[in-house]
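J.: Reading the first sequence from the start, the letters are residues 4 to 512 in the working numbering. C-beta: ideal position from N, C-alpha, C; glycine also.
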Amino acid sequence: MRPEDMRNPSMLTGDVEVVVRELAVLNEAKTPPYVLEDGVEASDVLRLKYRYLDLRRPSLQRNIILRHKAAGSVRRYLDSHGFIDVETPVLTKSTPEGARDYLVPSRVFPGKCYALPQSPQLFKQLLMVSGFDRYYQIVKCFRDEDLRADRQPEFTQIDIEMSFVEMDDILNITETMIVNLFRETIGVNLPVPFRRMTYEEAMEDYGTDRPDTRFGMKLKDISDIVAGSDFRVFASTLAEGGVVKAFAVKAPHGFSRKDLDSFSDVVADFGAKGVLWARLEGDGWKSSLSKFLQASRFDAMGQRLDMKPGDIALIIAAPKNTANASLSALRLHVAGRLGLIDPNAFSALWVTDFPLLEWSEEDKRLVSVHHPFTAPMPDDLPLLPSDPGKVRSQAYDMVINGSEVGGGSIRIHTPEIQKQVFEAIGLGEEEARIKFGFLLDALQYGAPPHGGIAFGLDRLTMILTHAASIRDVIAFPKTQKAYCVMTDAPSEVSPAQLAELGLKYGKEG
RNA sequence: GGGGGCGUAGUUAAGAUCGGUUAUAACGCCGGCCUGUCACGCCGGAGGUCGCGAGUUCAAGUCUCGUCGCUCCCGCCA
């Protein structure tokens, strides 16, 4: 035992005295390229190059272990509820609609390619036709799109599908799965049932389909209040079918004129031209709009936004989508600045009733909001030929802390409706047959009503560990350009390998 | 495809507004000293393509342009 006066309570091992009987060096170690301690930051390139060392950091160890526990919790839950883990192909067929595919050229079929799956979507539906009425898989998915802090080119889904179910069945069973997950991994009991919100409500109140409900500042439409005013920005916006929306920030916020001006920069990325403001003071309104708006209109706005003296309203006039996107971003920005988000709070909810289709300006046609196998709401089906944009789908997302952690839908299970939807997105019968013939065939053999959902294991783990980057919950992640610093992938291959595949790259690469 | 931030010893940072002698510090590394250390201490030392390339200038880490890498965001991600 170490002498009493030499205990060091500030160290984890400060009470321990080691008595050496024998000492052997098992392997010598070089000096690490950087300090491997939490709190000591190194550049991302360096960390990724020596990922095997970086993973020694206590925080990363903790994240990776927690991820393992999360996957285990999900497996135990699904196993005990009769779900069967079935593997699906990784070398599969490229599908139109959706993300860019990662392609794998075939040696045996020169000029043809496999694609890595964006998700096992079609296979899990086919498993329902096969009679495996409860399927799950924790599986890699691949999407060749530009990355973000919560997106990697390969990521892991908790993929689930069930037969003879309706939306509520899937929501209920997976909600319990997530509640279990939080309890078993971090000891947090999420309040149940999760709040449910329609897509329309989410857009109206939060300007986004993945609202962060850990704080207030809901959006309000004040178009009717400012309609008919002299202010040209409002008049022209409303005349062109746009909206004027706002949210109120409670005092004390301490916003200076400079702060208020800076908000226009925040929303610029989302297309809004600027942010207007109006502060309620003891004796009236102070505002960038005072010259243009009568006091009665200010009062009506204050009432709608439930404002007290000192509170300030932030206002945007723009086309509806622009106003929503801008206010949603501004709301998050303001909440972050004012510290309104409790880092230890978790707010989980369901968003339902997504639209089935939306207009794509790029493709000049309607495209699926979720995917083309999503079932329309039966009540809305008659609208499909006449007013397809109005048709709601049986799709749903789970949102936690403003992050979309899962999404799914009840699927189309009859060939007739599937054909109608393909038609609506401009997928001709012949083309549909070439691309999805196997699905259309399968639906003709008594496919049961079915539906499912997929959760992002990476994002769930981020939330559980409070990780700021998806790279902190993946053992061997890639950079924002999908490059692996450690292995140097992607890399050049030999001319012989290319020749075998019948490939030849041009000079540009 | 577009916008923002960052890039200086092995590492993390300062120096950049205002161009000017030999680019500074901490940690790490190397050598020496120290018979109770635990963020040991003391003495000494090595270590730099200031991401890269042009340009302006008598002179560039510093100014200009381009480019590469990392990162955050928009578009994109059924």
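Since residue 177 and residue 456 should fall inside the 8 Å C-beta cutoff, what is the C-beta to C-beta distance between them, to a whole number of angstroms?
T.: Residue 177 to residue 456, Cβ: 6 Å. Contact.
J.: So what does DSSP say about residue 399, is it helix, strand or coil?
T.: Residue 399 falls in the strand class under three-state DSSP.
J.: Find the nearest neighbour of residue 186 within the set 371, 349, 11 and 433, judged by alpha-carbon distance.
T.: Out of 371, 349, 11 and 433, 349 has the C-alpha closest to the C-alpha of residue 186.
J.: Within 8 Å, do at least three Cβ pairs link the segment 436-450 to the segment 485-503?
T.: With the cut-off at 8 Å, the segment 485-503 and the segment 436-450 do not touch.
J.: In this structure, how does DSSP classify residue 453 when only helix, strand and coil are distinguished?
T.: Residue 453 falls in the strand class under three-state DSSP.
J.: Whole angstroms is fine: what's the gap from residue 441's alpha carbon to residue 119's?
T.: Near 18 Å, if we compare the C-alpha coordinates of residue 119 and residue 441.
J.: For residue 466, count the other beta carbons within 10 Å of its own beta carbon; 16 or more makes it buried, fewer makes it exposed. Which is it?
T.: Buried, because 16 or more other Cβ atoms sit within 10 Å of the Cβ of residue 466.
J.: Scan the segment 190-278 and note each continuous alpha helix (DSSP H) run of 4 residues or more that stays entirely inside, going in chain order.
T.: Listed in chain order, the complete alpha helix (DSSP H) runs (minimum 4 residues) inside the segment 190-278 are 202-209, 226-229, 235-242 and 260-271.
J.: For my contact list, residue 373 and residue 357 are in at a C-beta cut-off of 8 Å; report their separation, rounded to the angstrom.
T.: Confirmed, Cβ separation roughly 6 Å.
J.: Use the C-beta contact count for residue 132: other C-beta atoms within 10 angstroms, 16 or more gives buried, fewer gives exposed.
T.: It is buried - the Cβ of residue 132 has at least 16 other Cβ atoms within 10 Å.
J.: Use the C-beta contact count for residue 50: other C-beta atoms within 10 angstroms, 16 or more gives buried, fewer gives exposed.
T.: Classification of residue 50: buried, given that the 10 Å Cβ count is 16 or more.
J.: CB-CB under 6 Å to residue 214, same chain, minus the five flanking residues each way: which ones, in chain order?
T.: Taken in chain order, the residues that qualify are 205.
J.: What are the boundary residues of the beta strand (DSSP E) that residue 290 is part of?
T.: That run of the beta strand (DSSP E) goes 287-290.
J.: Under the DSSP definition of a beta bridge, which residues are partnered with residue 155?
T.: None; residue 155 has no bridge partner.
J.: Applying the criterion that 16 or more other CB atoms from any shown protein chain within 10 Å of the CB defines a buried residue, is residue 362 buried or exposed?
T.: Under this definition residue 362 is an exposed residue.
J.: Beta strand (DSSP E) containing residue 137: first to last residue?
T.: 137-145 is the extent of the beta strand (DSSP E) around residue 137.
J.: Between the Cα of residue 197 and those of 150, 146, 237 and 216, spot the shortest distance and give me the residue it belongs to.
T.: For the residues 150, 146, 237 and 216, the minimum Cα distance to residue 197 belongs to 216.
J.: For residue 55, list the residues DSSP reports as bridge partners.
T.: Per DSSP, none; premise fails for residue 55.
J.: Got a sec, what are the start and stop residues for the beta strand (DSSP E) residue 368 sits in?
T.: Where residue 368 is concerned, the enclosing beta strand (DSSP E) stretches over 368-371.
J.: Which runs of the alpha helix (DSSP H), 4 residues or longer, sit entirely within the segment 405-434?
T.: If we require 4 residues or more, the alpha helix (DSSP H) runs fully inside the segment 405-434 come out as 418-427.
J.: Helix, strand or coil for residue 185, going by three-state DSSP, please let me know.
T.: Note: residue 185 maps to helix in three-state DSSP.
J.: Using alpha carbons as the reference points, say which of 232, 316, 278 and 395 lies closest to residue 296.
T.: When only C-alpha atoms are compared, the closest one is 232.
J.: Which value, in whole angstroms, describes the spacing of the CA atoms of residue 223 and residue 342?
T.: About 22 Å.
J.: Could you say which of 433, 254, 93 and 155 lies nearest to residue 309 if we only look at CA atoms?
T.: Comparing Cα-Cα distances from residue 309 to each of 433, 254, 93 and 155, the minimum goes to 254.
J.: Name the DSSP beta bridge partners of residue 165, please?
T.: BP columns for residue 165 point to 137 and 454.
J.: Roughly how many angstroms separate the alpha carbons of residue 407 and residue 400, rounded to a whole number?
T.: Computed Cα separation, rounded: 7 Å.
J.: For residue 512 and residue 501, I'd like the C-alpha separation in whole angstroms.
T.: Reliability fails at residue 512, whose pLDDT of 43 lies under 50, so the model's placement of it is uncertain and the value that follows must be treated cautiously. If I take the Cα positions, the gap works out to 13 Å.
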